[in-house]
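Participant: Under numbering that gives the first Met the number 0, the first residue of the sequence shown carries the number 0, and numbering increases by one thereafter. If you scroll down you'll find the structure; I have some questions about it.
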Amino acid sequence: MPLPTREDPRLTPMLPNDRVCTGVTTVDGRIFVSFPGADSPGVQVAEALPDGRRIPWPDESWNAATDEPRSDGVYVHVNGVRTGPDGQLWIIDSGAPGLGRRQVPGGARLIVVDPGTGEVTRIYDLTDAVRTDSYVDDVRFNGRTAYLTDAGAPGLIVLDLASRRARRVLDGHPSTVGRRLVADGEVLHGPDGDEVVLHVDQLEVSPDGRHLYYQPASGGLSRIETRWLDDPALDPATVAGYVEPWLDTPTTGGTAIDATGTIYLSDAEQRRILRITPEREVRTLVADPRLAWVDAMWIDRDGDLWLPAAQLHRTPGLCGGVNRVDYPVWIYRMDLGVGPAPNDHA
């Protein structure tokens, strides 16, 4: 299918960025963004101020560039930021300097920051649940449990927030293994010319907490009841037996879920956002030429959907070593009329 050519007036341009931005979250009227360094190095997490400034978050020291990646009070490689159900900012450090690179000891972490004070209140060490080639990608919440995806070494991570114990599930399961990626009608290649593969990437928890939906960036969408993931006594084969192939989906940059259980999924192949109901009814919410690889979306408490058009497929790592990003990189906003899932964030 041809790419869309008409700009949809429902999309409001909100934030222009001079670097690729893949994550956005809001809390108490403030906006925080994350930069994966896909096109250039620099600050990894920042507060976006109305005057256009980007303030390193929580401070410059956490965002400091180092000759050798390390994990003592410095980000290794932030892949996203989001407000949790506790109102705190949760920062996902992949633990590796980039996809396909080795883990830095102690680098894979969930870093929790108080948005009011800027104090780092908790750090969850994910060392026990990662492999040397892991790339921790994203997180969602369900009561005392957090679920994370590993796009480098295919598998899910289950984190008990009370005990801080992290463990792997569905390790290498076919539902977590990625295939080739397609965006704007082209297969994506890395700087070495090989096809790019992103293993399990997107995930969402249903508003009732019963199901976890997840997929590699290449699709398709699977689901499993959270009770099977949450039980550490179950053996891997038993857990794998409860996986349900749920929906065939295209190459995807990011997802979000609302209070009704409807999933919003960015179709990187056709520059559109799909709306998927709990009954698996699929419709196009919006298609627009500006929606180039929309990444981690965010639904705020006012019922607005935030869409960072990251253009990740135009960055050197996915574009044969060439930077073809069309700056500025915009974040858009669109009224949904429905709020977020309450177990995900307030």
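In this text, a Cβ means the ideal position worked out from N, Cα and C, and glycines have one as well. It should be emphasised that the depicted structure is a prediction, and the values quoted were computed from it without experimental measurement.
Just to confirm my understanding: we take L180, look at its own chain, exclude 5 residues before and 5 after, and list those with CB closer than 8 Å. What are they?
Facilitator: Taking the first residue of the sequence shown as 1, we reach residue 180 at position 181. Only V186, L187, E194, V195, V196, L197, A216, S217, T250, A267, H312 and L317 meet the Cβ criterion.
Participant: When burial is assigned at 16 or more other CB atoms within 10 Å of the CB, is D66 buried or exposed?
Facilitator: Taking the sequence shown and counting its residues from 1, the one referred to as residue 66 is at position 67. D66 comes out exposed.
Participant: Under 8 Å Cβ to Cβ from G208, same chain only, skipping five residues before and after it: list those, please.
Facilitator: Along the sequence shown, one-based indexing puts residue 208 at 209. Cβ neighbours of G208 beyond the five flanking positions: N141, G142, T225 and N342.
Participant: Let me make sure I understand the geometry here. Which of P49, L202, V75 and L147 has the alpha-carbon closest to that of G41?
Facilitator: Reading the sequence shown from its first residue, position 42 is the one you call residue 41. The residue with the shortest Cα to Cα distance from G41 is V75.
Participant: First and last residue of the beta strand (DSSP E) that includes L311?
Facilitator: Here residue 311 corresponds to residue number 312 of the sequence shown, with the count starting at 1. Per DSSP, L311 belongs to no beta strand (DSSP E) and is neither H nor E.
Participant: Give me, in chain order, the residues of the same chain whose beta-carbon lies closer than 7 Å to that of P110; leave out the 5 immediate sequence neighbours on both sides.
Facilitator: Along the sequence shown, one-based indexing puts residue 110 at 111. Looking at the sequence provided, one finds Ile at residue 110 rather than Pro. The residues are I90, D92, V119 and I122.
Participant: Taking C-beta to C-beta, are G151 and D170 nearer than 8 Å?
Facilitator: Against the sequence shown, residue 151 aligns to sequence position 152. Against the sequence shown, residue 170 aligns to sequence position 171. No; because the gap between Cβ atoms is not below 8 Å, this pair is not in contact.
Participant: Tell me whether W347 sits in a helix, a strand or coil according to DSSP, three-state version.
Facilitator: One cannot answer for residue 347 here, as it falls past the ends of the chain, which runs 0 to 345.
Participant: Quick one: residues in its chain with C-beta nearer than 7 Å to the C-beta of P288, no 5 flanking neighbours on either side, listed in chain order?
Facilitator: Here residue 288 refers to the residue found at position 289 of the sequence shown. Excluding residues within five positions, the ones whose Cβ falls inside 7 Å are L2, P3, T4, E6 and R270.
Participant: State the Cα-Cα distance for the pair M0 and N322, rounded to the nearest angstrom.
Facilitator: Counting from 1 along the sequence shown, the entry for residue 0 is found at position 1. Counting from 1 along the sequence shown, the entry for residue 322 is found at position 323. When rounded, the distance between both Cα atoms is 25 Å.
Participant: Just verifying my parser: in three-state terms, what is the DSSP assignment at R274?
Facilitator: If you number the sequence shown from 1, residue 274 lands on position 275. R274 falls in the strand class under three-state DSSP.
Participant: Have a look at G28, E46 and R18 and flag the residue whose alpha-carbon is nearest the alpha-carbon of F34.
Facilitator: Working through the sequence shown from its first residue, we reach residue 34 at position 35. The residue with the shortest Cα to Cα distance from F34 is R18.
Participant: Locate the beta strand (DSSP E) running through A236, then write down its first and last residues.
Facilitator: As a working mapping, residue 236 is identified with position 237 in the sequence shown. Run containing A236: none in the beta strand (DSSP E); it sits in the alpha helix (DSSP H), P235 to A239.
Participant: Among H344, D334, G338 and P339, whose alpha-carbon lies nearest the alpha-carbon of P8?
Facilitator: Counting from one through the sequence shown, the residue named residue 8 turns up at place 9. Checked all of H344, D334, G338 and P339; the closest Cα to P8 is D334.
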